[in-house]
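In the order they appear, the protein sequences are chains C and L.
Under this note's numbering, residues 910 to 1089 are what the first sequence spells out, in order.
Under this note's numbering, residues 910 to 1089 are what the second sequence spells out, in order.
Have a look at the structure below, then the notes.
Protein chains: 2
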Amino acid sequence: MRAAALRLFAQGGYAAVSMRAIAAEVGVQAGALYNYTPDKQTLLFDLMESHMTELLAAVPQTGDADPQTLLHDFVGFHIRFHHARPDAVFIAYMELRNLTEANFARIEALRRRYEDGLECILRNGVATGAFAVHDTKIATLAIIAMLTGVNTWFRAGGRLSLDEVTAQYQNMVRKAVRAD
Amino acid sequence: MRAAALRLFAQGGYAAVSMRAIAAEVGVQAGALYNYTPDKQTLLFDLMESHMTELLAAVPQTGDADPQTLLHDFVGFHIRFHHARPDAVFIAYMELRNLTEANFARIEALRRRYEDGLECILRNGVATGAFAVHDTKIATLAIIAMLTGVNTWFRAGGRLSLDEVTAQYQNMVRKAVRAD
DNA sequence: GAATTATCTGAACGCACGTTCAAAAGTAAA
DNA sequence: TTTACTTTTGAACGTGCGTTCAGATAATTC
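See below:
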């Protein structure tokens, strides 16, 4: 059910996908879904929360490597992780307004934790002099927006491989934050 | 009617906003709207097309200035233009999937024209040696995603002014594409 | 194989949807 | 004031919505 809902929500949007449509995708009547979720809203929230939790569990831990290496790895991780889950990423960014206020706050808290991981790398780099960034919060948001944007246009089998694309983003990010 | 639809679509999403809700916002019955739009889908398309047309009309023309200046001005323009129209920007990015195939193609063509303007600046800069970018198309998409992301978090009256934010983006973009 | 538990069906609830249209109301020219 | 025209109303159309639930079916346990 969750896989079907993920696919359909990403395709048509939360509001435009009916419980009957999800049930049909599963091969079941609509009523049966309510054995697995209390309501449609909770189904959406669970999909988002799972995505964010997986993201936080998978993000590389900042060990004792130097800031340049950590940033390089973060960029590679973000692009690869998001590319592997286009539907979940799409939903997590587009359906926030369909969450209740309480559910929205919980998802936002998870997102902020993810952003904090990147900002920590940037702050350490600024502290060591490896990076020159006026405001690490802005740089964090700028980098994440840039990286997540890959999902909107990249298609496997196109002009460039994901590895080539990743290398170019790593290069641009490296230059954008480095000390002059 | 268009102003009301813009606001409501941005707030709740195209699918979740009824013609009756738009009519109520205008202070009229639903049937009256059909004197001004043939249907809801065309209303959405017209809003998007107007936005893209205004964007293309407002983008600074690339004169004979040097690439660094043109890029600097483009970044400033993009942030400022988008910040002034949060609802239209939101709709133009989020409601693409609610367009018919034909309407989608027309909006995408306009968006590509906008992207081409930035890519032209980058290509010229690479040609003169001012910029070092492996792939100007990727750099274009990366920069635009980064800049448009400002709309998702910036609020006037916060820690930083829009001018300060803009200056930092101009700085990051400048560094990201410059020759080593 | 009987009893128990888990799961699913199919119909029903009240409600809201986009759109249409005859009739009513409002506006402007003669 | 009459005429011609534009705009709005309010009801109606068929359809689909999220959710509930009694009863049918399937799976598991003894």
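Cβ coordinates follow ideal geometry from the N, Cα and C atoms, glycine included.
Residue i, DSSP secondary structure in three states
i: residue 1087 (chain C); result: strand
i: residue 1063 (chain C); result: coil
i: residue 923 (chain L); result: helix
i: residue 961 (chain C); result: helix
i: residue 910 (chain C); result: coil
i: residue 1068 (chain C); result: coil
i: residue 938 (chain C); result: coil
i: residue 951 (chain L); result: helix
i: residue 946 (chain L); result: coil
Residue range of the alpha helix (DSSP H) that includes residue i
i: residue 973 (chain C); result: Here residue 973 (chain C) belongs to no alpha helix (DSSP H), and DSSP marks it neither H nor E.
i: residue 1013 (chain C); result: 1010-1037
i: residue 934 (chain C); result: 928-935
i: residue 1057 (chain L); result: 1045-1057
i: residue 1003 (chain L); result: 995-1003
Beta-carbon proximity check, residue i vs residue j, cutoff 8 Å
i: residue 935 (chain L); j: residue 1079 (chain L); result: no
i: residue 1042 (chain L); j: residue 1031 (chain L); result: yes
i: residue 887 (chain L); j: residue 1007 (chain L); result: Any property of residue 887 (chain L) remains undetermined from this structure, which presents chain L solely from 910 to 1089.
i: residue 1050 (chain C); j: residue 921 (chain L); result: no
i: residue 988 (chain L); j: residue 917 (chain L); result: no
i: residue 941 (chain C); j: residue 928 (chain C); result: no
i: residue 1084 (chain C); j: residue 1048 (chain L); result: no
i: residue 976 (chain C); j: residue 1037 (chain C); result: yes
i: residue 943 (chain L); j: residue 910 (chain L); result: no
i: residue 1003 (chain L); j: residue 1003 (chain C); result: yes
i: residue 919 (chain C); j: residue 996 (chain C); result: yes
i: residue 1009 (chain C); j: residue 950 (chain C); result: yes
One or two residues paired with residue i in a DSSP bridge
i: residue 1040 (chain L); result: L:1087
The ligand SAH heavy atom lying under 7 Å from the CB of residue i
i: residue 910 (chain C); result: For the structure depicted, the ligand SAH is absent and the ligand set is empty, with no information on it obtainable.
Inter-residue CB distance, residue i and residue j (contact presumed, cutoff 8 Å)
i: residue 1005 (chain L); j: residue 1013 (chain L); result: 6 Å
i: residue 1071 (chain L); j: residue 992 (chain L); result: 6 Å
i: residue 971 (chain C); j: residue 979 (chain C); result: 6 Å
i: residue 958 (chain C); j: residue 1053 (chain C); result: The pair is not a contact, with the Cβ atoms about 19 Å apart (cut-off 8 Å).
i: residue 1019 (chain C); j: residue 956 (chain C); result: About 13 Å separates the two Cβ atoms, so there is no contact after all.
i: residue 974 (chain C); j: residue 990 (chain C); result: Actually they are not in contact, since the Cβ atoms of residue 974 (chain C) and residue 990 (chain C) sit about 19 Å apart, beyond 8 Å.
i: residue 1088 (chain C); j: residue 1011 (chain C); result: With 8 Å as the limit, residue 1088 (chain C) and residue 1011 (chain C) do not qualify as a contact, their Cβ atoms being about 43 Å apart.
i: residue 986 (chain L); j: residue 969 (chain L); result: 6 Å
i: residue 931 (chain L); j: residue 913 (chain L); result: 5 Å
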